[in-house]
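Residue numbers (our numbering): -15 to 472.
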């Protein structure tokens, strides 16, 4: 663990406006101390109404923004159809009108964005929504829903410089802030997320003696969720509110989750539980973590299909600084650094595929723009952008059906179908458990198909070729780069 002085410096940087800032990183990442990873098994347009001419003595009526079309669909999580559940992390420095236009053109259907308490409530009991009204309008204009992470302290309500929320006044202040947002944006289809990574000191509290994933953190956070959900539902009974935002799939993170649910987390009335599956080298390792999270929630009364969201995970193209003795840098999958852009392009597709395979309700890639994790910048798009675009083009309107059995548990052959009856396969292979991406073994695999003649094969970046059906099978060379096979 870091010394207190170093932690204080880190906390200051995080809460200011630099790379490591929660506001520049939005609700972004810094991992806690290392733990042992789990073992993996074999998203209506908002417009201003035109005002009719009126006598000067008549007061102009308040113009309310129009709600998105979609009605009841906006009261629930999106249908698990590509790309409705796919989104991008944005931050204050990359959520301009132009940014949201570009994100909309990519084809994803929601953004995750921090809604900062101290920026909205600058005077006690008064809330300023101007910037967020703009974001919602831009999102609507570009076919995007918003996952709003309600983050940050506010000295108007709790001025102890500890981070997190520990007092009744702080909880009520935060809950009223959240309820004001729920009321203001009622009917807009926003998914509200309570805090960012409250299980770690980086984003909860970092005073002397505080520990990541501690029972005290679980107590404090669960109390906040109870107060917040109750108060938000008074403003909007139909609002979607998720909690968790759990940092990393490490044993202590699962223990912290168990502690929250043992204290009544499920009974708060949350709409779902969100996770950030860092701490693992490959998307395929998420499956064990998702299963473990579900088993914890079920133990405390949640149904097997209780919504779970991956609200933040990405893969970096360069090593980032490690934290508190962590020998591995954040979001780094390993392997030759010269191959990092290629690996990122593999992982953006495989992450979404694995999330769909596991029934995850939303999958948010970290991140849109920035440095190590970004897929785009103002003047350049990385290979991962084009891989994501091609994936959306290939699978738009398709839903995951099942995983085909293969000889090796490392091989993935996923079947997707659409409402018209068309079928496609997404195929790739993965490295062994805990291994780095260059350890993947390219190899040919025979895949049984109910088709004849030649089938179209599309690679990671959209290049087309054909494969011949022989004796009811096709032979495809699997690699770490997903490919698409058009069956019918």
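A virtual CB, placed ideally from N, CA and C, is assigned to each residue, including glycine.
Spatially closest choice to residue i from the options, by CA coordinates
i: residue 274; options: 283, 293 and 285; result: 293
i: residue 257; options: 289, 452 and 86; result: 289
i: residue 136; options: 381, 205 and 93; result: 205
i: residue 368; options: 342, 327 and 388; result: 327
i: residue 264; options: 322, 335 and 329; result: 335
i: residue 332; options: 351, 239, 125 and 404; result: 351
i: residue 447; options: 378, 182 and 358; result: 378
i: residue 463; options: 457, 442, 375 and 426; result: 426
i: residue 459; options: 60, 104, 466 and 433; result: 433
i: residue 214; options: 282, 162, 319 and 236; result: 162
i: residue 69; options: 117, 277, 314 and 130; result: 130
i: residue 414; options: 356, 119, 374 and 461; result: 461
i: residue 244; options: 271, 223, 281 and 268; result: 281
i: residue 63; options: 269, 262, 345 and 303; result: 345
i: residue 473; options: 228, 230, 314 and 468; result: One cannot answer for residue 473 here, as it falls past the ends of the chain, which runs -15 to 472.
i: residue 180; options: 152, 134, 386 and 106; result: 134
i: residue 141; options: 404, 124 and 106; result: 106
i: residue 109; options: 471, 160, 260 and 322; result: 160
i: residue 125; options: 82, 315, 203 and 398; result: 82
Where residue i falls: helix, strand or coil (DSSP)
i: residue 395; result: strand
i: residue 431; result: strand
i: residue 22; result: Unreliable positioning characterises residue 22 in this predicted model, as indicated by a pLDDT of 38, which lies under 50. A coordinate reading is not provided.
i: residue 264; result: coil
i: residue 51; result: The predicted position of residue 51 is uncertain, since its pLDDT is 44 and thus under 50; a value taken from the coordinates is nonetheless stated next. Three-state result, residue 51: coil.
i: residue 400; result: strand
i: residue 475; result: This structure cannot speak to residue 475, because the chain is shown only from -15 to 472.
i: residue 278; result: helix
i: residue 285; result: coil
i: residue 446; result: coil
i: residue 413; result: strand
i: residue 476; result: The displayed coordinates of the chain run from -15 to 472. Any statement about residue 476 would go beyond what the structure contains.
i: residue 385; result: strand
i: residue 458; result: strand
i: residue 419; result: coil
i: residue 231; result: strand
i: residue 256; result: strand
i: residue 210; result: helix
i: residue 438; result: strand
i: residue 192; result: coil
i: residue 218; result: helix
Alpha-carbon spacing of residue i relative to residue j, whole angstroms
i: residue 93; j: residue 67; result: 6 Å
i: residue 184; j: residue 298; result: 18 Å
i: residue 21; j: residue 438; result: Because the pLDDT at residue 21 is just 39, under 50, the model does not fix this residue reliably, and the value given afterwards should be weighed accordingly. For residue 21 and residue 438, the distance between alpha carbons rounds to 43 Å.
i: residue 226; j: residue 175; result: 7 Å
i: residue 409; j: residue 371; result: 16 Å
i: residue 216; j: residue 65; result: 29 Å
i: residue 90; j: residue 382; result: 17 Å
i: residue 173; j: residue 127; result: 12 Å
i: residue 420; j: residue 318; result: 5 Å
i: residue 139; j: residue 102; result: 8 Å
i: residue 37; j: residue 168; result: Only weak support exists for where residue 37 lies, its pLDDT of 32 falling under 50; the coordinates are left without a value.
i: residue 320; j: residue 423; result: 11 Å
i: residue 478; j: residue 85; result: Examination of residue 478 is not possible in this model, given that the chain is present from -15 through 472 alone.
i: residue 97; j: residue 358; result: 15 Å
i: residue 87; j: residue 353; result: 10 Å
i: residue 456; j: residue 436; result: 7 Å
i: residue 347; j: residue 132; result: 14 Å
i: residue 170; j: residue 143; result: 30 Å
i: residue 291; j: residue 360; result: 30 Å
i: residue 295; j: residue 374; result: 22 Å
i: residue 223; j: residue 325; result: 39 Å
i: residue 247; j: residue 301; result: 39 Å
i: residue -3; j: residue 187; result: Because the pLDDT at residue -3 is just 33, under 50, the model does not fix this residue reliably, and the value given afterwards should be weighed accordingly. Spanning the two alpha carbons is a distance of roughly 12 Å.
i: residue 148; j: residue 182; result: 7 Å
i: residue 77; j: residue 59; result: 29 Å
i: residue 231; j: residue 364; result: 30 Å
i: residue 164; j: residue 219; result: 7 Å
i: residue 286; j: residue 449; result: 46 Å
i: residue 384; j: residue 341; result: 7 Å
i: residue 260; j: residue 229; result: 6 Å
Residue i beta carbon near the ligand MG (any heavy atom closer than 7 Å)
i: residue 121; result: No copy of the ligand MG appears in this structure; indeed no ligand is present at all.
**Study point:** Residue ranges of each alpha helix (DSSP H) within the segment 56 to 113, 4 or longer
**Key:** 81 to 90 and 101 to 104
Exercise for review: Enumerate, from N- to C-terminal direction, the unbroken alpha helix (DSSP H) stretches of 4 or more residues contained entirely within the segment 109 to 187.
Suggested key: 114 to 125 and 152 to 168
Check your understanding: Where are the beta strand (DSSP E) runs, 3 residues long or more, that stay fully inside the segment 334 to 370, in chain order?
Key -> 346 to 349
Review point. Is the segment 243 to 261 close to the segment 198 to 212, with three or more CB pairs under 8 Å?
Key: yes
Practice item. Report yes or no: do the segment 221 to 240 and the segment 183 to 201 share at least 3 C-beta pairs separated by less than 8 Å? Key: yes
Check your understanding: Hey, is the segment 112 to 126 in contact with the segment 154 to 161, meaning 3+ C-beta pairs nearer than 8 Å?
Key -> no
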